[in-house]
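The opening position of the sequence shown corresponds to residue 2 in the working numbering, with each subsequent residue numbered one higher.
Glycine is no exception: its CB is placed at the ideal position from the N, C-alpha and C atoms.
Quick caveat: nothing in here was measured; it's all calculated off a predicted structure.
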Amino acid sequence: MTTEAKIQLTSSELGTLWMTYQSACATIVKSNFMKVKTIDKEAQDILTAYIAEGQSVKDKIVSVFNNEKAVIPIAFDDRDIIIEAPPLFDDIFNIMILRQMMKLNFGHSAVFSAMSYMKEVHDILKLNYDIADKYYVITTNYLLGKGVLAKPPYVAMPTQVEMIEDKNYMSRNNILTDKRSLNVIEVGFLNEAIEDNIFGMQLMTGFSQVATDIEVKKYFLEGKELAKKIISKLSDILLQSDIQPPSTWAGKATASTKTPFSDKLMMYTTSLMSASAIGYNALGTSFSMRSDLHTKLSLIAKDTFGYAKKGGKLMIEHKWMEEPPQMEDRNQLTK
2 MTTEAKIQLT
12 SSELGTLWMT
22 YQSACATIVK
32 SNFMKVKTID
42 KEAQDILTAY
52 IAEGQSVKDK
62 IVSVFNNEKA
72 VIPIAFDDRD
82 IIIEAPPLFD
92 DIFNIMILRQ
102 MMKLNFGHSA
112 VFSAMSYMKE
122 VHDILKLNYD
132 IADKYYVITT
142 NYLLGKGVLA
152 KPPYVAMPTQ
162 VEMIEDKNYM
172 SRNNILTDKR
182 SLNVIEVGFL
192 NEAIEDNIFG
202 MQLMTGFSQV
212 ATDIEVKKYF
222 LEGKELAKKI
232 ISKLSDILLQ
242 SDIQPPSTWA
252 GKATASTKTP
262 FSDKLMMYTT
272 SLMSASAIGY
282 NALGTSFSMR
292 SDLHTKLSLI
302 AKDTFGYAKK
312 GGKLMIEHKW
322 MEEPPQMEDR
332 NQLTK
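Okay, structure coming up:
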């Protein structure tokens with residue numbers, strides 16, 4: 002009679018759970034503060050409901066780590082918020098923050114699920130995806146109901162199938178030749194990037210007001226200017242095809258200069274946004290069929306990567322970046 006071997010957590014599963022735990026803790030902590038400061042009852046109820054469901058993901062990950070005898074990450078907790086501080090953002094932007102985090106969560110969870118083998122891990126990632134998808138819909142509908150969310154541009158519906166016949170369809174780097182109109186796939190990714198950078202610009206505005214470390218404050222101001230630069234470049238591309246870029250959202254930072262969040266939490270949030278922006282940029286570039294867009298998006302990716310790298314160094318200097326679990330160093334073990 003044989004005993005079935007215990008299924009062990011793989012390195013990729015450990016990594017995905019570790020990242021999911023970090024993100025969940027950060028979102029729950031921020032939501033705890035925003036819930037207390039939110040005046041609108043519907044917005045407050047959304048934040049309260051998310052916290053309870055997000056906590057279930059966090060608890061399940063802790064259970065897996067305990068079963069595997071893996072140390073629980075420090076991540077973020079109530080020490081990273083100052084509950085007595087005034088609200089940093091208005092009610093509308095609080096919901097925009099949750100919406101943006103949900104957008105990142107279901108994107109990450111979908112990718113992470115393809116890296117999992119253990120049923121328990123897959124179930125956690127699916128739960129995280131389902132919660133993120135649920136609250137993305139809820140927050141989007143809330144913002145649409147308030148009339149503050151800019152939608153992508155509309156387009157005339159196609160009436161017949163067209164095949165690409167122009168051999169230059171994908172080659173439009175020559176500035177002396179007319180560029181074809183953008184297709185709807187390209188418009189979708191450009192619009193998404195503009196939307197994300199409008200959000201990022203407003204987020205960096207608030208963070209820069211309350212950061213306590215001077216270098217961190219400078220970093221957020223730099224991020225604000227980078228977001229404005231990207232918005233301008235991408236908007237110009239849309240305007241060249243006579244497409245109106247999305248307008249600036251409602252929702253903004255308050256006049257508060259008293260920090261509600263630790264610099265560590267704000268830096269982590271910025272790092273997460275920057276890393277995700279690089280991924281979305283790469284995805285948009287891969288689906289774009291105009292070579293001039295490849296060039297422009299690659300330059301934006303280069304700037305974003307440089308900004309993210311600078312932030313990483315700043316976090317390491319302040320000992321704010323928790324090291325992910327490492328593979329065994331076989332060279333060191335043999336010495």
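Taking the continuous alpha helix (DSSP H) assigned at residue i, which residues delimit it?
i	result
M205	185-211
H295	292-318
S272	264-288
E54	42-68
What is the DSSP secondary structure of residue i, reduced to helix, strand or coil?
i	result
I82	strand
F107	helix
F77	coil
L126	helix
L222	helix
L240	helix
R181	coil
M35	helix
Q245	coil
N169	coil
W321	coil
A115	coil
Y155	coil
V138	helix
T3	Its pLDDT being 43, under 50, T3 is placed unreliably in this model, and the value from its coordinates should be taken loosely. In this structure, T3 counts as coil in the three-state DSSP scheme.
V217	helix
T17	helix
V72	coil
T28	helix
M102	helix
K147	coil
K259	coil
L10	coil
M97	helix
E121	helix
Q23	helix
List the residues that DSSP assigns as beta-bridge partners of residue i.
i	result
A254	F90
In terms of alpha-carbon separation, which member of the options lies closest to residue i?
i	options	result
I75	A254, T21, A278	T21
K127	L150, T39, S114	S114
E226	I244, D214, L204	L204
T39	M290, K152, G252, F77	G252
M268	D243, T160, K310	K310
Y308	A278, D214, F94	A278
V63	A50, L15, D41, L105	L15
S32	L99, S13, R80	L99
E324	T11, L10, Q9, Q23	Q23
F77	Y143, S275, G285, F262	F262
G207	S257, M164, F190	S257
L284	E193, I93, G313	E193
T286	G55, T140, E187	E187
G55	A151, S242, D243, A133	A133
L144	D41, L273, I301, N282	D41
D92	E163, N282, F34	F34
Y136	L294, L105, L191	L105
E318	S57, D214, D304, K297	D214
Y155	D131, E166, L239, V149	L239
K61	K219, C26, S236, P247	C26
I231	L18, V37, P246, K219	P246
N142	E43, F66, S209, V65	E43
Would you please verify whether the beta carbon of residue i is less than 8 Å from any beta carbon of chain C?
i	result
R181	As a matter of chain content, chain C is missing from the structure shown, which is built from one protein chain.
At a cut-off of 7 Å, is residue i close to the ligand ADP when judged by its beta-carbon and the heavy atoms of the ligand?
i	result
E193	The model on display carries no ligand, and the ligand ADP is accordingly not part of it.
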